[in-house]
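*Asks:* To start, I am sharing the structure in question, which I have written as structure tokens.
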Amino acid sequence: MTMHYDVVLIALSFLAGGVFTAVWGHLRARRGFKQNANAEKLERYRRSHEFARVGTWDWTLKNNVLFWSDEIYAMFGYRLGEVTPSYELFCNALHPDDREEVLRAEEDCLNHQGRYDMEYRVIWPDGTVRWLHESGDVLFDEQGQAERFSGIIRDVTTYREKSEHIQKLAYFDILTGLPNRVSFTNQLQQAIERSKRQGTLVALVYMDLNNFKPINDTYGHGVGDNVLRAVADRLTRSFRSVDMVARVGGDEFIAILEGLKSTDEVDRIVAKLQKQFAKPFALDKCLHDIGISTGVSLYPDDSSDIDELINIADAAMYRSKKSLSNVYDFAAGKPAKDQIDD
Numbered sequence: 005m006t007m008h009y010d011v012v013l014i015a016l017s018f019l020a021g022g023v024f025t026a027v028w029g030h031l032r033a034r035r036g037f038k039q040n041a042n043a044e045k046l047e048r049y050r051r052s053h054e055f056a057r058v059g060t061w062d063w064t065l066k067n068n069v070l071f072w073s074d075e076i077y078a079m080f081g082y083r084l085g086e087v088t089p090s091y092e093l094f095c096n097a098l099h100p101d102d103r104e105e106v107l108r109a110e111e112d113c114l115n116h117q118g119r120y121d122m123e124y125r126v127i128w129p130d131g132t133v134r135w136l137h138e139s140g141d142v143l144f145d146e147q148g149q150a151e152r153f154s155g156i157i158r159d160v161t162t163y164r165e166k167s168e169h170i171q172k173l174a175y176f177d178i179l180t181g182l183p184n185r186v187s188f189t190n191q192l193q194q195a196i197e198r199s200k201r202q203g204t205l206v207a208l209v210y211m212d213l214n215n216f217k218p219i220n221d222t223y224g225h226g227v228g229d230n231v232l233r234a235v236a237d238r239l240t241r242s243f244r245s246v247d248m249v250a251r252v253g254g255d256e257f258i259a260i261l262e263g264l265k266s267t268d269e270v271d272r273i274v275a276k277l278q279k280q281f282a283k284p285f286a287l288d289k290c291l292h293d294i295g296i297s298t299g300v301s302l303y304p305d306d307s308s309d310i311d312e313l314i315n316i317a318d319a320a321m322y323r324s325k326k327s328l329s330n331v332y333d334f335a336a337g338k339p340a341k342d343q344i345d346d
């Protein structure tokens, strides 16, 4: 069909009296169109790589020659052509915490003819840490020996940062940075499962601030937010490093204490908490006295149901709040503890 179209054009040009000019002009135009089309395709390919931050690499195993496309240099913190790509350079750039896993995955791919797919960190010469995602396949010769290892690589740092931010929004309180109710519920379920295996106690310490509302109303939400952040910091320092402290309401917090052998351990931990909150908070050139009321429930003594354990600890906290400041109450028939003397 194309050949017929060309012949017709040439014949018409001959009738017009410009045989050579017509033939040459037509062929040159067609050749130019093809060249332009190919150039556009190459440019689109280059720009798609650049836009997607995708680079290609090819490692010839026999002579240990590694090829990088232009995009990869920047992914490892170099200017184009600043270094000669090599496997040694690649290995040295790997983050120490990821290096062993990456090299093991590559070795498995080479030995078992599988696909290589990894996400790992690299450290740039200036100390910058970036996340890369890499996929590769091995080409084997007729004897089944690995001949070439090639693949693609892209920078996923921004994607991971956004994913981590979304994860934080889902599981952490934005104001204080503490775990939220979702994280707390998940952690409590896991703590109970560990308690079953280990034969230990789990304690829930439900906490409510005693003087937060007047401060928030008097000084405004800005000061109130600063108070909550300071409270979160003090709570974190009051409990053990293995304990989880979560914000579950406006000025309500709850802690999970696991691996306990007796309630005496709870006594000591909550006593430390009360001492910490007997001290005023220094914020915006003012001292704010903020007491804390606490209620405690125990697994398995009080219940084995998560919601019931929370409700029991909450009720115990309100009992202590109605009595005196800086007291705490055990749910399981144990009397409220008096304020701890400094």
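Just so you know, we're using the numbering used here here: the sequence shown kicks off at 5 and counts up by one. For each residue, glycine too, the CB sits at the ideal point set by N, CA and C.
Our contact map puts Glu138 next to Met122 with C-beta atoms below 8 Å; I'd like the distance itself, whole angstroms only.
*Replies:* In the sequence shown, residue 138 corresponds to position 134, counting from 1. In the sequence shown, residue 122 corresponds to position 118, counting from 1. Right, their Cβ atoms sit about 5 Å apart.
*Asks:* Under the rule that 16 or more other beta-carbon atoms within 10 Å means buried, what is Ser242, buried or exposed?
*Replies:* For the purposes of this step, residue 242 is taken as the residue at position 238 of the sequence shown. The residue is buried, with at least 16 neighbouring Cβ atoms inside 10 Å.
*Asks:* Which residue's Cα is closest to the Cα of Arg154: Asp229, His225 and Phe144?
*Replies:* Here residue 154 corresponds to residue number 150 of the sequence shown, with the count starting at 1. Note on identity: in this sequence residue 154 is Ser, with Arg being the wrong assignment. Comparing Cα-Cα distances from Ser154 to each of Asp229, His225 and Phe144, the minimum goes to Phe144.
*Asks:* What residue ranges within the stretch 166-251 form continuous alpha helix (DSSP H) runs of no fewer than 4 residues, ordered along the chain?
*Replies:* Within the stretch 166-251, the complete alpha helix (DSSP H) runs of at least 4 residues are 185-202, 216-223 and 225-242.
*Asks:* Kindly indicate which residue of Gly299, Ser308 and Val58 has the alpha-carbon position closest to the one of Ala259.
*Replies:* Working through the sequence shown from its first residue, we reach residue 259 at position 255. Of the listed residues, the one whose Cα sits closest to Ala259 is Gly299.
*Asks:* Any idea what DSSP makes of Ile316, helix, strand or coil?
*Replies:* Sequence index remark: in the sequence shown, residue 316 carries index 312 (1-based). Ile316 falls in the helix class under three-state DSSP.
*Asks:* Buried or exposed for Asp255, please, with buried defined as at least 16 other CB atoms from any protein chain shown within 10 angstroms of its CB.
*Replies:* Against the sequence shown, residue 255 aligns to sequence position 251. With 16 or more other Cβ atoms within 10 Å, it is buried.
*Asks:* Using CA coordinates, which residue listed in Val142, Asp101 and Pro100 is at the minimum distance from Asp62?
*Replies:* Taking the sequence shown and counting its residues from 1, the one referred to as residue 62 is at position 58. It is Val142 whose Cα lies nearest to the Cα of Asp62.
*Asks:* Is the stretch 98-110 in contact with the stretch 119-136, if contact means three or more CB pairs nearer than 8 Å?
*Replies:* Because the criterion of three Cβ pairs below 8 Å is met, the stretch 98-110 and the stretch 119-136 touch.
*Asks:* Using only CA atoms, which one of Val87, Thr161 and Asp221 lies nearest to Thr132?
*Replies:* Taking the first residue of the sequence shown as position 1, residue 132 is located at position 128. Closest option to Thr132, Cα to Cα, is Thr161.
*Asks:* Exposed or buried, what is Asp306 when buried is set at 16 or more other beta-carbons lying within 10 Å of its beta-carbon?
*Replies:* Along the sequence shown, one-based indexing puts residue 306 at 302. So Asp306 ends up on the buried side.
*Asks:* Indicate whether His3 and Ile219 have their beta-carbon atoms separated by less than 8 Å.
*Replies:* The requested residue 3 does not occur in the structure, where the chain is confined to residues 5 to 346.
*Asks:* With 16 as the cutoff for other CB atoms within 10 Å, does Asp229 come out buried or exposed?
*Replies:* The sequence position of residue 229 within the sequence shown is 225, counting from 1. Counting Cβ neighbours within 10 Å, Asp229 comes out exposed, since fewer than 16 surround it.
*Asks:* Who pairs with Asp159 in a beta bridge, going by DSSP?
*Replies:* Here residue 159 is taken as the residue at index 155 of the sequence shown, counted from 1. Leu136.
*Asks:* How would you write the range of the alpha helix (DSSP H) that Ile273 sits in, first residue to last?
*Replies:* Indexing the sequence shown from 1 puts residue 273 at position 269. Run containing Ile273: Thr267 to Phe281, per the alpha helix (DSSP H) assignment.
*Asks:* On the criterion of 16 or more Cβ atoms from any shown chain inside 10 Å, does Thr180 qualify as buried, or is it exposed?
*Replies:* The residue given as residue 180 occupies position 176 in the sequence shown. Counting Cβ neighbours within 10 Å, Thr180 comes out buried, since at least 16 surround it.
*Asks:* Count the other CB atoms, across all protein chains shown, that sit within 10 Å of the CB of Phe71; report buried if there are 16 or more and exposed otherwise.
*Replies:* Counted from its first residue, the sequence shown places residue 71 at position 67. It is exposed - the Cβ of Phe71 has fewer than 16 other Cβ atoms within 10 Å.
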